[in-house]
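Peer 1: Here's a structure for you.
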Amino acid sequence: MSKPTPEPAANSKAGPAVPTNFLRPIVQADLDSGKHSKIVTRFPPEPNGYLHIGHAKSICVNFGLAKEFGGDTHLRFDDTNPAKEDQEYIDAIMSDVKWLGFEWAGEVRYASQYFDQLHDWAVELIKAGKAYVDDLTPEQAREYRGTLTEPGKNSPFRERSVEANLDLFA
């Protein structure tokens with residue numbers, strides 16, 4: 020037998036508590052100030068498997084914020100690894116988003132549709148010295164990343180010349 024729910028304190032406000040997170044006040048402030056006229060979010064799954072609880076949370080946060088503030092959410096598949104992706108997963112993800120009660124704005128988008136543009140932007144970042152080709156192994160990358168108590172360290176490849184990075188990236 021469960022314990023009875025305690026009565027609210029005499030000084031508590033009437034009505035249900037409104038759930039919140041750190042994003043709501045930021046979105047509200049940006050809309051109120053005119054910094055942005057509309058909220059637009061996106062859900063970008065990689066179609067290489069079925070969704071899990073973490074995906075469901077992301078869907079609810081992104082679609083929920085957009086719905087709450089009268090905005091839109093785009094469904095954009097991060098389909099840049101064709102060896103691991105399948106139409107079956109795309110169809111399942113779309114079905115799951117609808118099952119959770121959400122609809123995306125406009126057409127479904129695919130990162131592969133603008134892969135050339137992404138590549139061009141990466142080249143621009145390399146030319147500006149803001150991106151580089153990193154040849155660390157996954158194990159080395161973990162070592163360089165740092166921890167909660169120790170800062171990470173820069174990759175030795177970070178200091179490559181722009182020309183060397185462009186040659187490696189090509």
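If you want the numbering used here, it's the 1-based position in the sequence shown plus 19. Note that the Cβ used here is the ideal one computed from N, Cα and C, for glycine as well.
I need the straight-line Cα distance from T60 to E87, nearest angstrom please.
Peer 2: T60 and E87: Cα-Cα distance of roughly 12 Å.
Peer 1: Alpha carbon to alpha carbon, how far is L187 from D153?
Peer 2: Their backbone Cα atoms lie some 10 Å apart in a straight line.
Peer 1: Just to check my reading of the structure: R43 and L94 have Cβ atoms closer than 8 Å, yes? What is that Cβ distance to the nearest angstrom?
Peer 2: Rounded, the Cβ-Cβ distance is 22 Å, inconsistent with contact.
Peer 1: Between N40 and the rest of its own chain, which residues show a CB-CB distance below 8 Å, the 5 nearest in sequence each way excluded?
Peer 2: If we look at N40 and ignore the five residues flanking it on each side, its Cβ neighbours are V80.
Peer 1: Quickly, what does DSSP pair H74 with across the bridge? List them, please.
Peer 2: Answer is none; H74 lacks a bridge partner.
Peer 1: Would you kindly work out how many angstroms separate the C-alpha atoms of M20 and H71, rounded to a whole number?
Peer 2: Summary for M20: the model assigns pLDDT 49, below 50, so the residue's position carries little reliability; its value from the coordinates is reported in the next sentence. Straight-line Cα distance between these residues: approximately 33 Å.
Peer 1: How would you label I45, buried or exposed, when you count the other beta carbons within 10 angstroms and need 16 or more for buried?
Peer 2: Classification of I45: exposed, given that the 10 Å Cβ count is below 16.
Peer 1: Given a threshold of 16 other Cβ atoms within 10 Å of its Cβ, counted over all protein chains shown, does V181 qualify as buried or as exposed?
Peer 2: So V181 ends up on the exposed side.
Peer 1: Using 8 Å as the threshold, is the C-beta distance between L155 and F134 below it?
Peer 2: Contact flag unset, no.
Peer 1: Pick out whichever of E65, G171, T168 has its Cα sitting closest to the Cα of A102.
Peer 2: Answer by Cα proximity: E65.
Peer 1: If you run the structure through DSSP and keep just helix, strand and coil, what is D153?
Peer 2: Looking at D153 - three-state DSSP - the assignment turns out to be coil, as it is neither helix nor strand.
Peer 1: Please report the straight-line C-alpha distance between I112 and Y69, rounded to a whole angstrom.
Peer 2: Cα-Cα distance, rounded: 7 Å.
Peer 1: Does R164 come out as helix, strand or coil in the three-state DSSP assignment?
Peer 2: Residue state, collapsed to three classes: helix.
Peer 1: Distance, Cα to Cα, S52 vs F82?
Peer 2: Roughly 22 Å between the two C-alpha positions.
Peer 1: Could you pull out every residue in the same chain whose Cβ sits closer than 6 Å to the Cβ of D91, ignoring the five residues on either side in sequence?
Peer 2: Here the set comprises V59, A85, A124.
Peer 1: Output needed for S56: all residues of its chain with C-beta closer than 7 Å, excluding positions within five of it in sequence on either side, in chain order.
Peer 2: Cβ neighbours of S56 beyond the five flanking positions: none.
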